[in-house]
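Everything below concerns the one structure shown next.
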Amino acid sequence: MENIVSATGRQKHQPLEFSYPTRQFGKTKIVTHSFQTAWYEKWKWLHYLEESDSVICFTCAQAVEEKKLRNPRMETTFVVSGFTNWKDATASFRKHEASDCHQAATEIMLSLPQKVQDVGEMLSSESKKEKAVNHHYLLKVLSSIRFLARQGHYQ
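Heads up: the sequence shown is residues 363 to 517, going by this note's numbering.
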């Protein structure tokens, strides 16, 4: 199992040694399907929820949880409620992976630096540096004025 932890402490859950429950599909011809551990290899973003026998997209859920993604076309099935239609799973996984929501979440969570400073902190830091430089120049000017005053060269 791969250990990836979100900023809020949520850990990706991909149990390999687990007896996944089966679900029945169809009305006339009933077929049973269950989650397949092989899907973790192809879709590394899968996060299994044992309590609901469903999966969500760890990347999208993490981006929403950290308030880094506000996509109006967000797929709530893969972010909040969980996906359970094992019969059409692979097609749905491919569709989600190609979605705007997933692409944006992947870019935000994996491509951007993990630690981005707050704009206010950056401005505050620059302001402190500027104040220190200005203070240094002010001391130089005052020192010059004091020197001229001692020499009697003031008017």
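Idealized CB from N, CA, C, for every residue including glycine.
If you're wondering where the values come from, they're calculated on a predicted model, not measured in any experiment.
Leaving out five residues before and five after residue i in sequence, what residues of the same chain have Cβ atoms less than 6 Å from its Cβ?
i	result
F455	W405
T384	T394, S396
H375	H409, Y410
Strictly by DSSP, which residues pair up with residue i?
i	result
V495	Per DSSP, none; premise fails for V495.
T384	S396
F560	The chain is shown only over 363 to 517; residue 560 falls outside these bounds and no answer can be derived.
Do you know how far the Cα of residue j is from the Cα of residue i?
i	j	result
I470	A423	12 Å
L501	V495	10 Å
K430	L504	49 Å
Q465	E413	27 Å
H497	E428	40 Å
G388	Y382	19 Å
T468	T421	6 Å
G514	E483	46 Å
Take residue i and list the residues in its own chain whose beta-carbon comes closer than 7 Å to its own, dropping the five residues that flank it on each side.
i	result
T399	L378
F380	none
Can you say whether residue i is buried or exposed, counting buried as having 16 or more other CB atoms within 10 angstroms of its CB?
i	result
Y402	buried
E437	buried
A460	exposed
For residue i, which residues from the same chain have a beta carbon less than 8 Å from its beta carbon, with the 5 sequence-adjacent residues on both sides left out?
i	result
V441	I418, C419, C422, A423, V426, C463
Of all the beta strand (DSSP E) runs that stay within the bounds of the segment 394 to 431, which reach a length of 3 or more residues?
408 to 411, 416 to 419
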